[in-house]
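Q: Sharing a structure below in structure tokens format, with a few things to ask.
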Amino acid sequence: QVQLVESGGGLVQPGGSLALSCVASGIELKLSDMAWYRQAPGKEREWVGTVTAGGNTAYKDSVKGRFTASRDNAKKTLYLQMRNLKPEDTGDYYCNARPMTSGAEYWGQGTQVTVSS
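The following block contains the structure:
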């Protein structure tokens, strides 16, 4: 059974930092493209950033230079370091896994990030 478990969310003031983690089980992480998504209250879920199985990264324009996604395949963990957070970064953050060996897609349960003074 595949499980993705996010952690690290919380309340932070504008300009602050948070680090999210996503621990995967039941999949071969090193063979999976991994991504972060977020969903703000009342809005649709949106893509934030990707770390491919090969280690390449890509980010949504509004988070470039502030967010850094990384992965540790040995620990089966995906990370999202978030700096200079803004109120518009508020939302539930989700981990997404797409194993290259299948057409499946998996989601975590999400972790809440609130940026507010």
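Count the sequence shown with my numbering and you get residues 951 to 1067, in order. By construction, the Cβ of each residue, glycine as well, lies at the ideal position given by its N, Cα and C atoms. Being a predicted model, the structure only gives us computed values, none of them experimental.
Which ranges would you report for the beta strand (DSSP E) in the segment 992-1029 if only whole runs of at least 3 residues count?
A: Qualifying beta strand (DSSP E) stretches, in chain order: 996-1001, 1007-1009, 1017-1022.
Q: Relative to the C-alpha of Glu994, which candidate in Asp1042, Asn1046, Ser1052 has its C-alpha closest?
A: Taking the sequence shown and counting its residues from 1, the one referred to as residue 994 is at position 44. If we check each option's Cα against that of Glu994, Asp1042 comes out closest.
Q: Please work out which residues of its chain come closer than 7 Å, Cβ to Cβ, to Pro1037, disregarding the five sequence neighbours upstream and downstream, and give them in chain order.
A: To locate residue 1037, count along the sequence shown from 1; it is residue 87. Once the five neighbours on either side are set aside, the close Cβ partners of Pro1037 are Pro964, Val1065, Ser1066.
Q: Could you tell me if Thr1007 is buried or exposed, where buried requires 16 or more neighbouring beta carbons within 10 angstroms of its beta carbon?
A: As a working mapping, residue 1007 is identified with position 57 in the sequence shown. That one is exposed.
Q: Using C-beta distances below 6 Å, list every residue in its chain close to Ser975, excluding the 5 sequence neighbours before and after it, in chain order.
A: Taking the first residue of the sequence shown as position 1, residue 975 is located at position 25. The residues are Gln953.
Q: At least one CB of chain C closer than 9 Å to the CB of Ala1024: is that the case?
A: No chain C appears in the structure shown, which is made up of a single protein chain.
Q: Enumerate in chain order the residues of its own chain whose CB-to-CB distance from Ala990 is below 7 Å, with the five nearest sequence positions on each side excluded.
A: Locating residue 990 in the sequence shown gives position 40, counting from the first residue. Around Ala990: Thr1040, Gly1041.
Q: What does the Cβ neighbour count give for Ala1019, buried or exposed, with the cut at 16 atoms within 10 Å?
A: For the purposes of this step, residue 1019 is identified with residue 69 of the sequence shown, where counting begins at 1. Counting Cβ neighbours within 10 Å, Ala1019 comes out buried, since at least 16 surround it.
Q: State the DSSP-derived secondary structure class of Glu1038, mapped to helix, strand or coil.
A: One-based indexing of the sequence shown puts residue 1038 at position 88. Correct three-state label for Glu1038: helix.
Q: Would you check if the distance between the CB atom of Cys972 and the CB atom of Gly1053 is smaller than 9 Å?
A: Within the sequence shown, numbered from 1, the residue matching residue 972 stands at position 22. Within the sequence shown, numbered from 1, the residue matching residue 1053 stands at position 103. It is not a contact, given that the beta carbons lie outside the stated cut-off.
Q: Among the residues of its own chain, which have a CB less than 6 Å from the CB of Leu979, if the five just before and after it don't count?
A: Numbered from 1 along the sequence shown, position 29 holds the residue referred to as residue 979. Once the five neighbours on either side are set aside, the close Cβ partners of Leu979 are Asn1023, Lys1026.
Q: Would you call Asn1034 buried or exposed, if buried means 16 or more other Cβ atoms sit within 10 Å of its Cβ?
A: Here residue 1034 refers to the residue found at position 84 when the sequence shown is read from its first residue. So Asn1034 ends up on the exposed side.
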